[in-house]
Amino acid sequence: MVYDLAISKVPLRCLYSYKSQEKLEPGERVIVDFHGRKTIGYVVKVSDKPASRELKEILQRLDRVSYLDQSDVEALESISERFFSPPGLLFDLAFPSFIDDYAETVVESLTPLVGFESLPLGEFIKKYGHDALKNQLDKGYIQLKKCFGRKTPRPRVSKWYVVVRNGLKALTRVHDEIEYDVISFLLTNGYATVEQLIESVGVSTKKIKQMQQEGLIELTQFLPVNTENLELAEAQLEPAPRGVTVLSGSTIGERLRSVIAFMKKITDENKSVLILVPFTSLTYMVAGFIRKFLNVTVQVYHARMSRSQRAKVWLDSVGDKTQVVVGTRVAAFLPMRNLGLIVAEESDDDAYYQFEDPVYDALELAETRARLRDIPFVICSSEPRLIDFHRREHLKWLRIPKENLNSDVSIVDVRQSGSILSEDLVESVRKTISEERASVILVRRKGFAPYVVCFACNHVLMCPNCDVALSFHKSQNVFKCHQCGYVRKAQSECPNCGAKALYPKGVGTERVERLLKYHLPGARIVRLESEELEPFEVQEQFLKLQTNEIDVLIGSRIVLQGFGTDRVGLICILDYDGLLSQPDYNTRLRMFQTMRKIRSNFTSARILIQTFQPQDGFLRDVFTVNSEDFYLEELKKRKEVNYPPFCDLVQVILESDLPQTGWELVNYCVRSLEGETVLGPVEHPIFKMAGKYRYHFLIKTKDLRKTLSKFNDVLMKIGKMGWRVFVNPPRLW
Ligand SMILES: [Zn+2]
Ligand SMILES: [Zn+2]
């Protein structure tokens, strides 16, 4: 038999054919010789190629079973074709290599002659030696196989939260003084991390474990989410039993609450639920929320977890042991055997699209998997994705109505004053604090200031590798490039004229924090920065916002990740008008979705927008326009100029060491694509990036498969180096 294989860790966009005498399963891992190197391959399908002599043999079967469902193998192959992505790298995401750290190689007997059924490899060698191993393998008496689940991953729990089980009752069940101290400490503070308990109460890790076994306390990564104002959503909605359902309107809390009964039905049938969210920190909040309503095991899965924690969830997935998993885009690859439902929350967020290799859209992968397994897929967001609105007649459409929508919006013109924080803003925050409510300040950019400019010669400090201005991060005292990661110690001397006259310009989260602390001494001001916290620590800040322990929360879009709360009385939006001038056909749609999410999440907050472009009515209308009207208008415009969803859009970027060579190559490529509708080529808006010169062009196509295959033929002729391809990217730069 000939099989088509995806080769692990190989960034090439094709399958490779190998022969085998044995019958292999789709998704099974094998060892092959790939250009003289022993490499892992994944069986994708039986090849339609004949078994010729030139084809190489598969050297060894690794697991002798497939841990991936056949439908998932098909889904990965289809995503690889659709996104022009290397299949080997996609399979690697479904089968992370560190899983092998928890596997054991076992010797299995194939004949009663050898006197055992199976032995761990180490034991076999100890007993019979290396020669016997080789000898018996050659004779076909034994075979090797990897087994999972024999070694259990042990996650470190020192940063986990400890909470009391059974509330005050726990105090009557304690056995000694130290247990009493732990319980009273937790009851007073609500929760503590294991580390904090050891430090504050002087309890030992051993004792904490004992108390956990006694059922007095619980170790968890999820804090209880505030579920105020969810009465409305107690009415349950009924998504379609198969196919796609779009659930829009309201907040993430209300949406999830309204499909709890649907999820319960799935878990009651011993099937599992996969919930996708766009951000790492949100996984913990959603997990805590689900646990409040469903008495099931909830696990999180994302790329920032430790390997042992990820391995645990992966092993549970292939072992039918999961019930609910909440994860980021990488969780769309999780090979849950008994998957019964996929829910994707905040589906309008572009974090579902991976721009690095392998490029993919996790929502498309999720939808494909659901379709091939014939299970329901529920796509949720405050305002729907445009593509879903466009196809709304072909899917189940649910919307949570919301009354008393907030329309208290003030636009503050800062053209004259040029100030970073207008007087209006500072006064509004002060007033909100005096009313014992919180303010949320959304700033588009992180750091202290997005530019560093010379006072004497107007020189703007640029990244040496990119056409991007360096930003200033005061807390670390560095200049940073947000595109390539270049970092340099901050300085005051201008590299252009030598004057000691560099100063920061523009608005960043750090600068807003500093100014507000100056204007409002004594206020409890917190800047939320995902890089400075463990992902699960973010939920603590949102909990504090709800429980009146924070007056002002500042951050980039991370501040919108909470579940929304009525305690927020003011939300200020800074520097977002800058987005309006970006040359990207999706900008206004994304702005619309973000602003509407703000309106749903903070229903009783006043909205204050600082802008340099008050003449642009968009920011004012965005809160009041009827959603359907907005989408119909957007679709009309796109139809006129033939943009997605009326066609597929392929962005092709060429990165080149030499500008002239790149320009000639990209032009040659476009000429070779005769017959396709191509816009460009032109220089990319960020022409130089990470030391490379970049050109791009767009292809609009009604037949994506044909276009990509044609493009691939061109690459075969001119070489594959330096080309990057994005199919329907949510943003062009
Ligand atoms: Zn750079
Ligand atoms: Zn200068």
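The sequence shown stops at residue 733 when you use full-length UniProt numbering, and every number in between is there.
Think of the CB as a built atom: it goes at the ideal place given N, C-alpha and C, for glycine as much as any other residue.
N- and C-terminal bounds of the alpha helix (DSSP H) containing residue i
i              : result
leucine 276    : Not the alpha helix (DSSP H): leucine 276 falls in the beta strand (DSSP E), residues 272–276.
aspartate 181  : 177–189
arginine 257   : 252–258
threonine 205  : 205–213
serine 428     : 423–434
arginine 373   : 362–373
glycine 418    : Unbroken run through glycine 418: none, as it is neither H nor E.
isoleucine 290 : 280–293
glycine 88     : 87–94
aspartate 72   : 70–82
leucine 386    : 386–390
Residue i - partner residues in DSSP beta bridges
i              : result
threonine 701  : Asp648
histidine 696  : Ile653 and Val682
glutamine 143  : Glu108
isoleucine 379 : Val246 and Ala344
glycine 691    : BP columns for glycine 691 are empty, so no partner.
valine 325     : Leu274 and Gln299
threonine 193  : Tyr161
threonine 220  : Tyr161
glutamine 60   : Ile31
lysine 19      : Val2 and Glu57
glutamine 354  : Tyr360
residue 738    : A query on residue 738 cannot be resolved here, the shown segment of the chain reaching from 1 to 733 and no further.
Spatial neighbours of residue i in its chain, beta-carbon cut-off 6 Å, leaving aside the 5 residues before and after
i                 : result
serine 530        : Ile558
glutamine 70      : Pro26
valine 652        : Phe697 and Val725
leucine 232       : Note on leucine 232: pLDDT 49, under 50, position unreliable in the model; the coordinate value appears next. So no residue of the chain qualifies.
isoleucine 554    : Ile441, Thr509, Val512, Glu513 and Arg527
aspartate 374     : Arg242
glutamine 613     : Asp577
phenylalanine 293 : Ile260
glycine 722       : Leu654, Glu655 and Ser656
valine 313        : Gln299 and Tyr301
alanine 303       : Val330
Boundaries of the beta strand (DSSP E) in which residue i is found, first to last residue
i             : result
tyrosine 301  : 298–301
proline 504   : 502–505
methionine 40 : The residue asked about is misnamed: residue 40 is isoleucine in this sequence, not methionine. Where isoleucine 40 is concerned, the enclosing beta strand (DSSP E) stretches over 37–46.
valine 452    : 451–454
lysine 396    : 396–399
aspartate 726 : Here residue 726 turns out to be phenylalanine, not aspartate, going by the sequence shown. It spans 723–727 - the beta strand (DSSP E) in which phenylalanine 726 sits, taken as one unbroken run.
valine 311    : Note on identity: in this sequence residue 311 is alanine, with valine being the wrong assignment. Not the beta strand (DSSP E): alanine 311 falls in the alpha helix (DSSP H), residues 307–318.
leucine 442   : 438–443
leucine 121   : Per DSSP, leucine 121 belongs to no beta strand (DSSP E); it is in the alpha helix (DSSP H), 121–128.
leucine 570   : 568–574
leucine 5     : 2–7
Contact set for residue i: own chain, Cβ-Cβ below 7 Å, skip 5 residues either direction
i             : result
glutamate 346 : Ile252, Val277, Pro278 and Ser381
proline 11    : Pro86, Leu89 and Asp357
glycine 578   : Arg444
cysteine 494  : Cys454, Ala456, Cys457, His459, Ala501 and Leu502
glutamate 674 : none
proline 335   : Tyr67, Leu68, Asp69, Asp72, Ala94, Ser317 and Val318
lysine 517    : Ile525
Same chain, Cβ closer than 8 Å to residue i, neighbours up to 5 away in sequence not counted
i              : result
isoleucine 598 : Leu442, Leu560, Ile571, Ile573 and Ile607
alanine 192    : Tyr161, Val162, Phe185, Leu186 and Ser200
tyrosine 180   : Leu171 and Val174
glutamine 539  : Phe222, Leu223, Val225, Ser281, Tyr284, Met285 and Gly288
Cβ-heavy atom distance, residue i to ligand 3, below 7 Å
i            : result
cysteine 669 : This structure does not include ligand 3; its bound ligands are ligand 1 and ligand 2.
(request) May I have a chain-ordered list of the beta strand (DSSP E) segments no shorter than 3 residues that lie completely inside the segment 599–675? (result) 606–611 and 648–656
(message) Which residues end up in the neighbourhood of ligand 1 when you take C-beta atoms closer than 5 Å to any of its heavy atoms?
(response) Cys463, Asn465, Cys466, Cys481, Gln483, Cys484 and Tyr486
(message) Threshold first: 4 residues or longer. Then list the alpha helix (DSSP H) segments lying entirely within the segment 469–553, N to C.
(response) 509–519 and 538–546
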